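Notes follow the structure.
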Amino acid sequence: MMRPGLVSVTFKHRPCEDVICYAHKAQLKSIEWHGQNHVPPGDLEIAHRIGQRTLDAGLAVAAYGSYYVLGQSEGQGLSFATVLQTAEALGAPMIRVWAGHQNPEETPQGTRATIFEETRRVADLATEKGIKVIFEFHDNTLTQTGQSCAALLGDLDHPNVGTYWQPVPEMDVNENLTQLRCVLPWLMGLHVFHWGPTHKDRHALAQGESDWVQYLAMAGQCHDMLNVLLEFVKGGTVEQFNEDAATLHRLLV
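Residues -11 to 241 (my numbering) make up the sequence shown, in order.
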């Protein structure tokens, strides 16, 4: 089963109540909550309240979209323990983390080793709470490509660590399918959008419908349940979000 939802950072400057309303009206099923504007780490009262309001609206909390950067955040004053407490208060089954802030070729071996060991540490801590750790699939991280992401996850070999996937705007559909194929064994969710030829060129999801038919078909081969989450719509408007949500529903029929 693929569960359609929304990444709340799409509307990061709008109140949580509005985000819940948008997702509910668009007949989505879940929300990944933004770990800065919407549910700040350490504010357990807000986390609990937003988690409950999400459930009250008939929606699931897909994940806590934290901005915890492995190898950096602890040294900058944000502990993973705080992130984990927040996710638990929110009722999130997963925590999104970032595998550093350099591309794989430029990451020193010592930094890579630090990220590797810290991933194991936070994954063990999250396991105790029944919460999974999920990498952001993004440029300027160790999970910049399907190959680098698979290499990291394969070396980690930790049952509580997986990854998101999203298409790279600069790549064509076949290149993106190759990237997706690399991470299939560890895939826990997809961030859905249609951009190109750069990340600044955003289009209606309907324009990428034929691409997403292929992405979803491949993702669905290996997994019983995946969160399929709309992220960043053209112009940032509710109208475009509603159109994209309708497209996503059509794709999942």
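From the three backbone atoms N, C-alpha and C, an ideal C-beta is built for every residue, glycine too.
From a predicted model like this one, the values you see are computed outputs, not experimental measurements.
Listed in chain order, the non-local C-beta contacts of G177 below 6 Å within the same chain comprise Y152, L214, N215, local neighbours out to five positions each way being set aside. With respect to the 7 Å criterion, G(-7) and A80 are not classified as neighbours on the basis of their beta carbons. Annotated three-state conformation of V216 is strand, per DSSP. Per DSSP, M159 lies in no beta strand (DSSP E) and is assigned neither H nor E.
Looking only at T74, Q97, E62, the smallest Cα-Cα distance to W86 is reached by E62.
For H22, DSSP records a beta bridge to G53. M(-11) is classed as exposed because its beta carbon has fewer than 16 other beta carbons within 10 Å across all chains shown. Contact between T99 and L32 does not hold, since their C-beta atoms are separated by about 31 Å, which reaches or exceeds 8 Å.
The distance from the Cβ of I8 to that of H26 is about 10 Å, inconsistent with a contact at the 8 Å cut-off.
Residue ranges of uninterrupted alpha helix (DSSP H) with 4 or more members are absent from the region 176 to 202; none lies entirely inside it. Three or more Cβ pairs drawn from the region 133 to 145 and the region 161 to 172 lie within less than 8 Å of each other, which places the two stretches in contact.
Excluding five sequence positions before and after V57, the CB atoms of its chain that fall closer than 7 Å to its own CB belong to W86, G88, H89, given in chain order. In the structure shown, V149 falls within a strand segment according to DSSP collapsed to helix, strand and coil. Annotated as proximal: L47 and I19, with beta-carbon spacing under 7 Å. L58 carries a coil assignment under DSSP once its states are collapsed to helix, strand and coil.
One Cα belongs to V241, the other to H187, and the distance between them is close to 28 Å.
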